[in-house]
Amino acid sequence: MLFRSPSAPIGTKAFKIQLSAVGTDAAARTEWDKLKKTHPGVLGRLSLNVEKADLGQKGIYFRIQAGPFADRTAADAACQELTKQKQSCLVIRPEG
C-alpha cells in the first residue's frame, strides 16, 4: 500500500492531503471521524492535521489535512482514490 503509517504527528516537511475546511476546530475533528469511516482504505492509517487559516473578511477556517506521505506520488495516489470516491482532495507540499 502507498500510504505510510505515521509514527509521529505530521510535520511541515511531509506531504499531506487536504480534504475539507470547516468553521471550527471541533467541527474539523468531527468531520475527520466521518471521513475516516467513509474512506478507511485511504485514511485509516493517516493522522489528522487541523490547520487554522485566517482568510480575512471571509473568516477563519480550519483545514482538515491528513498524512504524512513519503512523497508526492503517494499523496497523489491517495487523492486519486478519494476523487474516485467523490471526495475532494488537494495535495499539500511540504513547507521549506
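In our numbering, the protein residues as written are 95 to 190.
Glycine included, each C-beta is placed from N, C-alpha and C at the ideal position.
Given a cut-off of 9 Å, decide if residue j and residue i are closer than it, judged by their beta-carbon atoms.
i    : j    : result
K130 : F163 : no
V136 : R166 : no
Please look up how many angstroms separate the CB atoms of residue i and residue j, rounded, as I've assumed it's under 8 Å.
i    : j    : result
Q159 : E145 : 6 Å
A115 : P188 : Wrong, their Cβ atoms sit about 20 Å apart, outside the cutoff.
G161 : N143 : 7 Å
Can you check which of these residues, the options, is closest to residue i by C-alpha distance?
i    : options                : result
T132 : T177, G153, K107       : T177
D119 : D148, D170, A172       : D148
F156 : A122, Q112, L113       : A122
S141 : K152, L113, G117       : L113
A172 : R139, K128, T124, E125 : R139
Q179 : P134, E125, T124, Q151 : P134
Does the beta carbon of residue i come closer than 9 Å to any beta carbon on chain D?
i    : result
G153 : Here there is only one protein chain, and chain D is not present.
* **In chain order, each beta strand (DSSP E) run of at least 3 residues that lies wholly inside the stretch 115-158** => 141-148
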